[in-house]
Amino acid sequence: MSASTVLLWRHGRTTFNAETRFQGQLDVPLDLVGRAQAAAAAEHLAQLPIDAVVASDLSRAVDTARALTTLTGHELTQDPLLREVNAGDWQGLLGSEISAKWPDEHAAWRRGEDVRMGGGENRTELGSRVADAVERHADTTEGTLLIASHGAALKAGILRLVGLPVTAGNALAGFRNCHWAVLTRRTGGWALEEYNAGAAGAGVGAEG
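Number 151 in numbering that gives the first Met the number 0 belongs to position 152 of the sequence shown; there are no gaps in the numbering.
#1: Which residue's Cα is closest to the Cα of ARG9: ALA170, ALA147, VAL161, GLU96?
#2: Along the chain, where does the beta strand (DSSP E) that runs through SER1 open and close?
#3: Rounded to whole angstroms, what is the Cα-Cα separation between GLY23 and GLU141?
#4: If you compare alpha carbons, which of LEU75, THR13, SER95, HIS43 is closest to ASP50?
#5: When the Cα atoms are used, what is the spatial distance from LEU38 to VAL129?
#6: Quick one: what's got a C-beta closer than 8 Å to ALA106's C-beta in the same chain, skipping five residues either side?
#7: Do ARG65 and VAL27 have their CB atoms nearer than 8 Å?
#8: Do the segment 117–127 and the segment 157–173 meet, that is, are 3 or more Cβ pairs less than 8 Å apart?
#9: DSSP on TRP101, reduced to helix/strand/coil?
#10: Can you list, in chain order, the residues of its chain whose CB lies under 8 Å from that of ASP113, leaving out five sequence neighbours each side?
#11: Sort ARG184, LYS100, ARG34 by Cα distance to THR63 and report the nearest one.
#12: Taking the alpha carbon of ASP56 as the reference point, which residue from LEU67, LEU80, HIS43 has its own alpha carbon closest?
#13: Fully enclosed by the segment 101–151, which beta strand (DSSP E) runs are 3 residues long or longer?
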């Protein structure tokens, strides 16, 4: 048994997204816009042949996933390994605040280099953690697996799953709130079929 398709769905907007604050693993809930985005996306995704739903255990991902499972009746599995990047001391700060205190590290991160964010994880560690979790759940699902997670986590996981280096991250746009990517299983790995797909009512937000 193994999934042939994985749909990777970013959570709806939070107040930190609206303020462009670095969320990391802080448990920031969806705001009213985010809940509306999740409901709109869930109406669309509920029409797809989804066989299992797994979410990061942070509330913004859980509540986004529940907008779907409430419609479909799927059981929701939570996995802490699907959390957003641990961004250490950067968490909760604006980009301008990070740049002022850690100018070299922040500039390197913006260039796509594999720096350790605020003393927390780097992109290699993040990508490995998320990709391993996706693979583990895909190996126990037949058909289509939906993962609800976070912007930086999903991007890093996708790069790892399709065999690209983490330094290729700037070639992919940031994940929009409540948008998703689709991976299909190929011989020897995964192929990226869709990226930043969405439904009417979903919007744009900073990663996290």
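Glycine included, each C-beta is placed from N, C-alpha and C at the ideal position.
From the atom records:
#1: For the purposes of this step, residue 9 is identified with residue 10 of the sequence shown, where counting begins at 1. Ranking ALA170, ALA147, VAL161, GLU96 by Cα distance to ARG9 puts ALA147 first.
#2: Along the sequence shown, one-based indexing puts residue 1 at 2. Where SER1 is concerned, there is no enclosing beta strand (DSSP E), given that its DSSP letter is neither H nor E.
#3: Position 24 of the sequence shown holds residue 23. Position 142 of the sequence shown holds residue 141. Those two C-alpha atoms are separated by around 31 Å.
#4: If you number the sequence shown from 1, residue 50 lands on position 51. Cα-wise, what sits closest to ASP50 is LEU75.
#5: Counted from its first residue, the sequence shown places residue 38 at position 39. Counted from its first residue, the sequence shown places residue 129 at position 130. According to the sequence provided, residue 38 is Ala. The question's Leu does not apply to it. Rounded to whole angstroms, ALA38 and VAL129 show a C-alpha spacing of 25 Å.
#6: As a first step, residue 106 is located in the sequence shown; it is residue number 107 there, counting from the start. The residues SER98, in chain order, have a CB closer than 8 Å to that of ALA106 in the same chain once the five nearest residues on each side in sequence are set aside.
#7: Looking up residue 65 in the sequence shown gives position 66. Looking up residue 27 in the sequence shown gives position 28. Contact: no.
#8: Yes, the segment 117–127 is in contact with the segment 157–173.
#9: As a working mapping, residue 101 is identified with position 102 in the sequence shown. TRP101 sits in coil when the DSSP states are folded into three classes, being neither helix nor strand.
#10: Walking along the sequence shown from the start, residue 113 turns up at place 114. Sequence-distant Cβ neighbours of ASP113 in its own chain, meaning closer than 8 Å and more than five residues away, are ASN121, ARG122, THR123, VAL165, THR166.
#11: In the sequence shown, the residue the question calls residue 63 occupies position 64. Residue ARG34 is the option with its Cα nearest to THR63.
#12: As a first step, residue 56 must be located in the sequence shown, where it is residue number 57. That would be LEU80, whose Cα lies nearest to the Cα of ASP56.
#13: The DSSP assignment places complete beta strand (DSSP E) segments of no fewer than 3 residues inside the segment 101–151 at 142–148, in order along the chain.
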